[in-house]
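Novice:
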Amino acid sequence: MTRRAGVVVLVGPMGVGKTTIGRKLAKQLDKDFIDTDASIVAKHGEISKIFADMGEAHFRHLEEVALSEALRTPAVVATGGGVVLSEKNRKRLKRSTVVYLATDGRHIKSRLKHGTRPLLAAGNDWSDIYELRKPLYRQIATITVDTSSKPLKSIVAEIITALES
Ligand code: S3P
Numbered sequence: 079m080t081r082r083a084g085v086v087v088l089v090g091p092m093g094v095g096k097t098t099i100g101r102k103l104a105k106q107l108d109k110d111f112i113d114t115d116a117s118i119v120a121k122h123g124e125i126s127k128i129f130a131d132m133g134e135a136h137f138r139h140l141e142e143v144a145l146s147e148a149l150r151t152p153a154v155v156a157t158g159g160g161v162v163l164s165e166k167n168r169k170r171l172k173r174s175t176v177v178y179l180a181t182d183g184r185h186i187k188s189r190l191k192h193g194t195r196p197l198l199a200a201g202n203d204w205s206d207i208y209e210l211r212k213p214l215y216r217q218i219a220t221i222t223v224d225t226s227s228k229p230l231k232s233i234v235a236e237i238i239t240a241l242e243s
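Residues in the sequence shown are numbered from 79 upward in steps of one, following this note's numbering.
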């Protein structure tokens, strides 16, 4: 079985393009696409509201459930940037094909400026969050792709080549 046959999970920091890249990758691999954030929103409502009303820990619990459900399908799965914080998730991801979308961060901050990500709205710095999580992304990555300053098409092509090698 080649790596492209099973579930392919995309991890990486907020704003790196997991959803956009994942959608395109799924199309090219002829797979279903699942976005764990979107699954949570569909079942429980807006993420910022979940953080505000129930707290981050509750969101992380919902994220664990959404990931474990998504991993049952041989789909392309885009995750939230904080999925790696949970040891349970990291253990599960270790058994899957994980593509870590890395970035030098140059274009990301401006892209996220007007967004509604609760961790950034609370005043946390994107780079600080990314630096803390980098070792966790590296720990579970099967494939690492540097997405910095690359067009979407090249990133997707690079992932597909790596999945086939
Ligand atoms: C989060 C990232 C978000 C979302 C939530 C928490 C994080 O997803 O899951 O706001 O902790 O990095 P994206 O990575 O798609 O922005």
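Glycine included, each C-beta is placed from N, C-alpha and C at the ideal position.
Report yes or no: do three or more beta-carbon pairs, one from the segment 149-169 and one from the segment 110-118, lie closer than 8 Å?
Specialist: yes
Novice: When you compare each of Ser232, Ile218, Gln217 to Asp224 by their alpha carbons, which one comes out closest?
Specialist: Ser232
Novice: Counting pairs of Cβ atoms below 8 Å between the segment 87-94 and the segment 128-136, do you hit three or more?
Specialist: No, the segment 87-94 does not touch the segment 128-136.
Novice: Within 10 angstroms of its Cβ, does Leu241 collect 16 or more other Cβ (buried), or is it exposed?
Specialist: Buried, since its Cβ has 16 or more Cβ neighbours within 10 Å.
Novice: So is the beta-carbon of Lys127 under 7 Å away from any non-hydrogen atom of the ligand S3P?
Specialist: no
Novice: So, for Ile221: in the same chain, excluding its five sequence neighbours on each side, which residues have a beta-carbon less than 6 Å away from its beta-carbon?
Specialist: Val177, Ala240
Novice: With a threshold of 16 other CB atoms inside 10 Å of the CB of Glu124, please say whether the residue is buried or exposed.
Specialist: The residue in question, Glu124, is exposed, as its Cβ has fewer than 16 Cβ neighbours within 10 Å.
Novice: Per DSSP, what are the beta-bridge partners of Thr222 in this structure?
Specialist: Tyr178
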